[in-house]
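K.L.:
Read in order, the letters of the sequence shown are residues 599 to 708 in the working numbering.
All C-beta atoms in this analysis are idealised placements derived from N, C-alpha and C, irrespective of residue type, glycine included.
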Amino acid sequence: MYLVDLAAATGLCTRTIGLAEANKLKVSPPSLRRLSKVLGVSVAFLGCFEKLPESTLGQRIIKARLYYGYTKREFSALLGIIERTEHDRKIPPPTPLNDLSKYLAVLMKE
């Protein structure tokens, strides 16, 4: 697939894709989701998130969120928690913790 074809399929501009390819641009989670869908690979593969730390709950939440390609706002809305949970400022109540465990399970598979 050529760069122009990828840009057309994802709605991203060729410059953005070229800079991301050269590792000169941090790609947003929504853009990673679009690229992963078109390229047929996981968001985690494209983002190379495996080296992110996961020693605290906040770090594990960040890593799981990025593995699935969600922004902070999207992920917190999905789980019904506030965005600050990601930074260990707040512990989510039990119901979102159960939902969160589904997403954190991806980290156990490594």
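Mind reading off the beta-carbon distance from S634 to L644? Whole number of angstroms is fine, and I expect it under 8 Å.
P.N.:
Against the sequence shown, residue 634 aligns to sequence position 36. Against the sequence shown, residue 644 aligns to sequence position 46. The pair is a contact, with the Cβ atoms about 6 Å apart (cut-off 8 Å).
K.L.:
In the structure shown, what three-state DSSP assignment does A605 receive?
P.N.:
One-based indexing of the sequence shown puts residue 605 at position 7. Helix at A605.
K.L.:
Taking G656 as part of the alpha helix (DSSP H), name the residues at either end of that continuous run.
P.N.:
Residue mapping note: residue 656 aligns to position 58 of the sequence shown, counting from 1. It spans L655 to Y666 - the alpha helix (DSSP H) in which G656 sits, taken as one unbroken run.
K.L.:
Nearest CA to the CA of R658: which residue from V602, G638, A703 and A607?
P.N.:
Within the sequence shown, the letter at position 60 stands for residue 658. For the residues V602, G638, A703 and A607, the minimum Cα distance to R658 belongs to A703.
K.L.:
Give the range of the alpha helix (DSSP H) segment to which I679 is assigned.
P.N.:
The sequence position of residue 679 within the sequence shown is 81, counting from 1. No alpha helix (DSSP H) holds I679; DSSP gives it neither H nor E.
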